[in-house]
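Add 228 to the 1-based position in the sequence shown for the working numbering, that's all there is to it.
Glycine is no exception: its CB is placed at the ideal position from the N, C-alpha and C atoms.
Keep in mind it's a predicted model, so treat the numbers as computed, not measured.
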Amino acid sequence: IEGWRSVASVIGWENIMISYCRGHPEYEGKMISELAKQKNVSPFDFVFDLIIEERASTSVVLFSMSEEDMKTVLKSPFSMIGSDSSARATYGILAAGKPHPRAYGTFPRVLGKYVREEKVLTLQEAIRKMTSFPAQKLGLKDRGLIKEGMWADITIFDPQKIIDKATFMAPHQYPEGIEYVIVNGKIVIEKGEHTKEKPGKVLRKKSQTS
Numbered sequence: 229i230e231g232w233r234s235v236a237s238v239i240g241w242e243n244i245m246i247s248y249c250r251g252h253p254e255y256e257g258k259m260i261s262e263l264a265k266q267k268n269v270s271p272f273d274f275v276f277d278l279i280i281e282e283r284a285s286t287s288v289v290l291f292s293m294s295e296e297d298m299k300t301v302l303k304s305p306f307s308m309i310g311s312d313s314s315a316r317a318t319y320g321i322l323a324a325g326k327p328h329p330r331a332y333g334t335f336p337r338v339l340g341k342y343v344r345e346e347k348v349l350t351l352q353e354a355i356r357k358m359t360s361f362p363a364q365k366l367g368l369k370d371r372g373l374i375k376e377g378m379w380a381d382i383t384i385f386d387p388q389k390i391i392d393k394a395t396f397m398a399p400h401q402y403p404e405g406i407e408y409v410i411v412n413g414k415i416v417i418e419k420g421e422h423t424k425e426k427p428g429k430v431l432r433k434k435s436q437t438s
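Here it is as structure tokens:
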């Protein structure tokens, strides 16, 4: 297609992994280049055949970042820490496929690997990048700090134990080291177990006059 540029031309088909495929769960966790070779077709043809067959419902994971780039970005005073993963669980319909391990481990990975083990950030810097800094940038004026008048969104963790457990091949694993989570003043995780409380709500930016 004239003028069209695929991400595969930049990172290569060998760096694109199928993470969810409803009709072919056996494809999950495998690279497109590997699957195309097994089918004796080009990666391009394999992808478009799959798009048609699965009605564009297949998900992929792209391997395009390096550890050095990650550390450089983490250390930047302008960077914040977050995840664009969808909601996941180890049971039910949210346990489908092999999603990116960030779904379960983004924040524990930063606190365990990049703070405790590799000392890329201090604990204080990392927590600010996860809480008050993004809340400030998103205009969430009553979030991100433990302070009178702010909503109580609190995660209680052991800085010596917290670590992610999810991997690309076995992503549906909760992290270690988090004992309590409080959302809007309600305890939702107690001693590592869900309390069945569901106090979450949609957050919207506050206007300058509110």
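- Our two residues, G251 and G320, have alpha carbons roughly 18 angstroms apart in a direct line.
- Distance from the CA of L339 to the CA of I260, rounded to the nearest whole angstrom, comes to 32 angstroms.
- For F361, the uninterrupted alpha helix (DSSP H) segment begins and ends at S360 to K365.
- Secondary structure at I374: coil, using DSSP grouped into helix, strand and coil.
- The DSSP-derived three-state label of F396 is coil.
- Residue environment: V343 is assigned as buried (16 or more neighbouring CB atoms within 10 Å of its CB, all protein chains considered).
- Rounded to the nearest whole angstrom, the C-alpha separation of K375 and S360 is 11 angstroms.
- Rounded to whole angstroms, the separation of the alpha carbons of G377 and S285 is 43 angstroms.
- Take the alpha-carbon of K365 and the one of G420: they are about 31 angstroms apart.
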